[in-house]
Every structure is written in C-alpha cells, then in structure tokens.
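Residues 0 to 493, numbered by numbering that gives the first Met the number 0, are exactly what the sequence shown covers, in order. Using N, Cα and C, we set each Cβ at its ideal position, and we do this for glycine too. Since this is a predicted model, take the numbers as computed values, not measurements.
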Amino acid sequence: MRLLRIYFSITIFMFVFVSLNAQKTHDSNTKKNNLLNKITDITSRVREVTVKDTTKGFSAPLKIDTAYANIIHAANLEPLRDENGLLVLEPEWTPFSNDVTFRDTIIFEPIFLPVVFDGNILPSKLDFLPKDVSSAQSKDFHLISPDSTFAPILDRVEHTENMRRMYYMNNPQKVRLNALTFKGSPVIREEVVEAKNPFKELISADNAVDFNRPEIEKVQIRSVYWIKNGEHVLQLSQNNFSDNWGSDNNFNLYSNQKFTFNYKKKKVSFNNLIEWRLNLQQTPADSVNSVNIIDDYLRTYSTFSIDAFKKWSYSSNLEMKTPLLNKYKVNDVNKKKQRAIFSPFELNLGVGMRYASETTSKVDKYRKFKISADLSVLSLNYKYVGDEGVDVTMFGVEKNYKDKLDYGSTFNVNLSYNRNRYTSFTSRIKYFTNYEKIYVECENAFNFALNRYLSTTLYLYVKYDDGVPPSKKDDKWGYFMYNEMLRFGLTYTW
Numbered sequence: 000m001r002l003l004r005i006y007f008s009i010t011i012f013m014f015v016f017v018s019l020n021a022q023k024t025h026d027s028n029t030k031k032n033n034l035l036n037k038i039t040d041i042t043s044r045v046r047e048v049t050v051k052d053t054t055k056g057f058s059a060p061l062k063i064d065t066a067y068a069n070i071i072h073a074a075n076l077e078p079l080r081d082e083n084g085l086l087v088l089e090p091e092w093t094p095f096s097n098d099v100t101f102r103d104t105i106i107f108e109p110i111f112l113p114v115v116f117d118g119n120i121l122p123s124k125l126d127f128l129p130k131d132v133s134s135a136q137s138k139d140f141h142l143i144s145p146d147s148t149f150a151p152i153l154d155r156v157e158h159t160e161n162m163r164r165m166y167y168m169n170n171p172q173k174v175r176l177n178a179l180t181f182k183g184s185p186v187i188r189e190e191v192v193e194a195k196n197p198f199k200e201l202i203s204a205d206n207a208v209d210f211n212r213p214e215i216e217k218v219q220i221r222s223v224y225w226i227k228n229g230e231h232v233l234q235l236s237q238n239n240f241s242d243n244w245g246s247d248n249n250f251n252l253y254s255n256q257k258f259t260f261n262y263k264k265k266k267v268s269f270n271n272l273i274e275w276r277l278n279l280q281q282t283p284a285d286s287v288n289s290v291n292i293i294d295d296y297l298r299t300y301s302t303f304s305i306d307a308f309k310k311w312s313y314s315s316n317l318e319m320k321t322p323l324l325n326k327y328k329v330n331d332v333n334k335k336k337q338r339a340i341f342s343p344f345e346l347n348l349g350v351g352m353r354y355a356s357e358t359t360s361k362v363d364k365y366r367k368f369k370i371s372a373d374l375s376v377l378s379l380n381y382k383y384v385g386d387e388g389v390d391v392t393m394f395g396v397e398k399n400y401k402d403k404l405d406y407g408s409t410f411n412v413n414l415s416y417n418r419n420r421y422t423s424f425t426s427r428i429k430y431f432t433n434y435e436k437i438y439v440e441c442e443n444a445f446n447f448a449l450n451r452y453l454s455t456t457l458y459l460y461v462k463y464d465d466g467v468p469p470s471k472k473d474d475k476w477g478y479f480m481y482n483e484m485l486r487f488g489l490t491y492t493w
C-alpha cells in the first residue's frame with residue numbers, strides 16, 4: 000500500500016512537471032513568433048500612413064517615401080536594435096526550423112563566374128564629349144542619399160561587367176563560351192509577369208455589348224496609269240474707231256483647245272499633247288474676205304521616256320503641226336493662199352535626254368513651279384507643202400520642191416509658274432538648228448483668272464527663222480516675227 004502511494008505521488012509530480020515545461024516552451028515559441036510577426040508586418044504600418052481614395056480605386060501614400068521610412072524606423076526598428084545597430088533577440092530564437100539545411104546552397108561572386116563573350120566591346124557609358132573638370136569635382140546634390148538607393152548595387156554590376164569585358168578583350172584565347180550559341184536553348188523556368196493596369200477593371204463593362212461586323216463588299220483598287228487633262232479657252236476682243244481715228248474697226252475671236260494624255264508606270268512615261276488653236280478676225284476694211292484667219296494650226300507633241308537617274312530620263316519626242324483652214328491676204332482679189340491644210344506640214348523627231356521637275360510651295364499649295372526640257376542632240380526636221388497654190392519659199396523650201404529635210408539638234412523647254420490660285424505664267428521655247436540656220440519660237444502667256452470660268456490673258460508669240468529666202472526678210476524686223484494679244488473670255492479646265 001505504501002509503495003502504491005509513492006508511485007502515485009511520483010506520477011502526479013512528473014505529470015505536473017511535464018505540463019509546466021510544455022507550457023513554458025509554448026509561451027516561448029509564441030513570444031518568438033509574435034516578435035517576428037511584429038518586425039515583418041509591413042501591412043499594418045502601410046495602413047497607418049495611407050488613405051483610401053474612393054474616386055480612383057487605390058490607396059495613395061500620405062507622405063513621401065523618406066518620411067514613411069523614418070516613421071517605420073522610429074516606431075519599430077530603433078527599440079529592437081542595440082547600439083551597434085543589431086537586432087535585439089533572445090538567444091534561443093532562430094528564424095529557421097530545425098529541418099532546414101544550407102548544404103545545397105551555393106554563395107557565389109559574379110566576378111568569378113565563367114566569362115561569356117556577348118559582343119559588347121564598348122562600354123555602355125561611352126562619351127566623346129569633353130568633360131568640365133570644375134563641374135566634375137563639385138559634389139552633386141541629391142535629395143535622397145545614393146547609399147539609400149540601388150546606386151551601389153548598380154555600380155557594383157557595372158564594375159563587374161567592366162572587369163569581365165577587360166578580361167575577354169585581353170585574353171580572347173581563354174574565353175570558351177559565346178552568348179550567340181545560347182540562343183534558342185531551353186529555359187528551365189520562365190515566368191512572364193503581366194503589367195497590372197489599374198484602369199482595366201474600371202472601364203470594363205459588366206455586360207459586354209455584342210457587335211455584329213457588317214459584310215462589306217470587297218473592291219479591288221486598280222492602279223491608274225493614264226491621267227487625262229483638258230483646257231478650253233474662248234476669248235474675244237472688239238475695237239471700234241471713229242472715221243477720223245485712222246484705224247479700222249475689228250472683232251477678234253480666239254479659241255484654244257488642249258488635251259493631255261499622260262501615262263506613267265514605274266520608270267516608263269508616255270506624254271501626249273493635242274492642241275488646236277484658231278484666231279479669227281472680222282473687219283469692214285476687208286471687202287473681199289468676210290473673215291480673216293490670223294492664226295490656225297493643229298499641233299501634237301509626244302514624248303516617250305525611261306527614267307535614268309534622279310530627274311533625268313532617256314527620251315524620244317515627236318512633234319507634228321499643220322493648218323486646217325485656208326488663209327488669204329487682206330483685200331486680195333486673186334485669193335492667193337498663204338496657208339492651207341498640210342501646207343505646211345511640219346514634223347520634228349528627236350532622241351536625247353529629258354529633264355523634268357515640279358516644286359510645290361509649303362506655304363501655299365497653289366504656288367507651283369514646273370519645268371520640262373527635251374534635249375534632242377540627234378533630230379530631224381521635215382517640212383512639206385502639199386497645196387500648189389501656196390508659196391513654198393515662205394517656209395524655207397526651195398522653189399519647184401514640195402518638201403525639205405534637215406538634220407540637226409532640237410531643244411524644247413516648257414515651264415509654268417502659278418503664283419497663286421488666280422495668277423499663272425506659261426512659256427514654251429523651241430530651238431532647232433542644222434548647224435547652218437536656226438529656227439526659234441517662243442510663246443508666253445500671262446493668265447489672270449477672275450473666277451473658275453472668266454479670265455484675262457496677255458499673250459506674246461515671237462518667232463525667228465533665217466531659213467527663208469533673203470527676199471522675204473523684213474526691212475525693220477529682219478527674220479523676227481511677233482504676235483501680241485490681250486484677251487478676255489471664258490476658260491475651263493478639267
């Protein structure tokens with residue numbers, strides 16, 4: 000019986016001792032865990048220095064990062080550190096459990112890793128500009144100390160890269176690895192972090208609206224190689240004089256019809272111009288002819304060119320010109336013809352180079368300058384007079400002959416300048432020479448448009464031809480001829 004009492008007392012004592020020891024151990028572990036949670040609980044500190052912005056849907060800091068760091072340091076870190084700045088912890092506390100080991104952990108220095116050639120020979124901060132020594136010696140002002148940022152880590156990374164670069168530059172034979180051979184190699188684990196957009200949820204709709212894409216008929220856009228333009232002019236002038244004025248009354252009608260058909264595809268160009276000009280005059284001084292023809296011809300001009308370089312191209316050009324109506328002298332009772340259809344018929348064919356340029360002002364879109372020059376070093380000029388009633392010597396053809404063929408060079412220059420929407424200047428110059436005689440014609444026109452349909456034109460046409468016989472040479476103007484007109488009427492372009 001006594002033995003049972005002693006055994007029962009020892010059992011109760013051992014139970015009490017083990018219970019107290021277990022409670023003490025549990026309290027110690029709980030205290031350590033609370034201390035660790037208090038150190039690492041950043042969420043509670045963030046809530047104290049942030050406020051909920053209900054209008055934008057996220058929390059914004061009340062204070063700047065420096066002030067926030069100072070509050071955290073003063074509230075939590077200073078009481079837990081000693082005079083050397085170390086954390087004050089219990090001797091038995093450890094941040095890791097007993098089953099954690101560091102035998103599989105490798106702590107390495109990046110400088111001593113195998114050198115890999117990546118092709119970067121020049122440093123990233125290469126600068127050829129001279130540096131100001133005085134400004135370099137002065138200490139830069141920083142709102143936040145660089146030691147409190149990532150600047151030391153970045154300097155360390157840059158220093159490591161420079162050392163590795165110097166190594167494979169000075170010892171290329173010892174470098175066994177090349178970064179180019181790593182491209183396409185499998186990656187052990189690759190995590191793609193998607194940038195968070197705080198406004199994505201704000202603009203998203205609860206019930207998305209379905210849109211049905213309408214069916215649109217597909218239309219194939221074809222390239223336009225032909226460009227067609229036209230210009231139509233019908234102008235008139237009228238003069239009426241008294242009997243003692245000394246001049247004759249007259250009425251003039253001027254018509255000019257132009258059509259252009261231009262083709263362009265890649266380097267090939269084919270430009271065509273068809274022009275019919277007619278100038279009629281009626282005057283009571285001419286009792287024989289009811290209407291006098293001042294000017295009449297049908298003219299075609301075509302160029303075929305292939306681009307060579309910049310604004311130059313290899314080209315060939317063909318020009319044909321002939322009157323359509325019969326022309327007589329004033330008060331000529333015999334009705335001797337001066338001109339008739341295919342009398343004369345002029346043809347000019349040349350091969351050479353072509354220069355074309357067009358410039359548009361950046362200030363005014365209507366201000367344009369366009370020039371084209373056909374330089375035909377090799378060309379032929381043919382004249383034919385088919386009507387026997389026309390004097391062939393007026394066109395440089397010898398008597399008793401109907402045609403004439405000359406070889407030489409021809410230069411054609413066309414330019415136009417639009418000052419604005421209502422003012423323009425056009426000019427055409429033709430020069431032909433067989434290296435014995437020359438033929439030059441220069442046609443100029445100043446156009447002043449009142450609106451889209453009404454305009455005034457100042458016209459000047461000058462011609463020089465020393466191929467006519469000396470007997471046809473004028474005593475005052477020599478081989479020169481000119482025609483000047485001031486007209487007003489209708490103009491339409493498309």
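Extent of the continuous beta strand (DSSP E) run through residue i
| i | result |
| --- | --- |
| M319 | W311 to T321 |
| G351 | F344 to T359 |
| W225 | W225 to N238 |
| R338 | K336 to R338 |
| N482 | F479 to T492 |
Spatial neighbours of residue i in its chain, beta-carbon cut-off 6 Å, leaving aside the 5 residues before and after
| i | result |
| --- | --- |
| T54 | Residue placement at T54 cannot be trusted, given a pLDDT of 45 that sits under 50; what the coordinates show is reported in the next sentence. Around T54: no qualifying Cβ. |
| K326 | I292, Q337 and R338 |
| P343 | K382, V384 and F394 |
| S268 | S304 |
| L252 | L235 and L279 |
| L457 | F445 and L485 |
| Y430 | F410 and V439 |
| V412 | A372 and I428 |
| I273 | F258 and T299 |
| Y262 | Y224, W225 and F269 |
| N271 | F260 and S301 |
| M319 | T299 and L346 |
| V376 | G351 and S408 |
| A284 | D247 |
Nearest candidate by alpha-carbon position, reference residue i, set the options
| i | options | result |
| --- | --- | --- |
| S301 | N316, N291, F308 and W311 | N316 |
| T490 | F116, N248, M13 and S254 | S254 |
| T455 | D117, S144, V115 and Q234 | Q234 |
| L414 | F445, V384, E435 and K398 | F445 |
| T492 | T432, F258, I292 and E345 | F258 |
| G407 | A284, G349 and F111 | G349 |
| D306 | R353, L125 and E82 | R353 |
| V115 | V332, V174 and A150 | V174 |
| I110 | K217, Y224, H158 and N228 | H158 |
| L346 | K401, Y365, N380 and K328 | N380 |
| Y166 | R451, R486, N119 and S470 | N119 |
| R418 | D295, E108 and K369 | K369 |
| E397 | K320, S312, Y452 and G466 | G466 |
| F181 | D117, N211 and I215 | D117 |
| L374 | H141, S360 and S314 | S314 |
| E387 | L377, D363, K264 and I340 | I340 |
| G229 | F250, I215 and F260 | F260 |
| S312 | V290, V332 and S356 | S356 |
For residue i, the first and last residue of its enclosing alpha helix (DSSP H)
| i | result |
| --- | --- |
| R163 | A150 to N169 |
Cα-Cα separation, residue i to residue j
| i | j | result |
| --- | --- | --- |
| T422 | S371 | 20 Å |
| S286 | L323 | 23 Å |
| K310 | G488 | 37 Å |
| P122 | R164 | 9 Å |
| G351 | S304 | 9 Å |
| L176 | P113 | 8 Å |
| E442 | K217 | 50 Å |
| E440 | Q219 | 47 Å |
| P213 | L153 | 55 Å |
| T358 | T425 | 15 Å |
| P469 | W225 | 47 Å |
| R155 | L179 | 25 Å |
| S222 | L404 | 42 Å |
| Q172 | E160 | 19 Å |
| N238 | D247 | 8 Å |
| L453 | F447 | 9 Å |
| F308 | K266 | 10 Å |
| N249 | K361 | 46 Å |
| F479 | D295 | 19 Å |
Sequence-distant residues of the same chain with beta carbon closer than 7 Å to residue i, five excluded per side
| i | result |
| --- | --- |
| W275 | Q256 and L297 |
| K328 | K335 and Q337 |
| K195 | none |
Which full runs of the beta strand (DSSP E) of 3+ residues lie inside the stretch 263 to 309, going along the chain? 267 to 281 and 291 to 308
Which ranges would you report for the beta strand (DSSP E) in the stretch 374 to 432 if only whole runs of at least 3 residues count? 402 to 417 and 422 to 432
Quick one: complete alpha helix (DSSP H) runs, 4+ long, within the stretch 439 to 478? none
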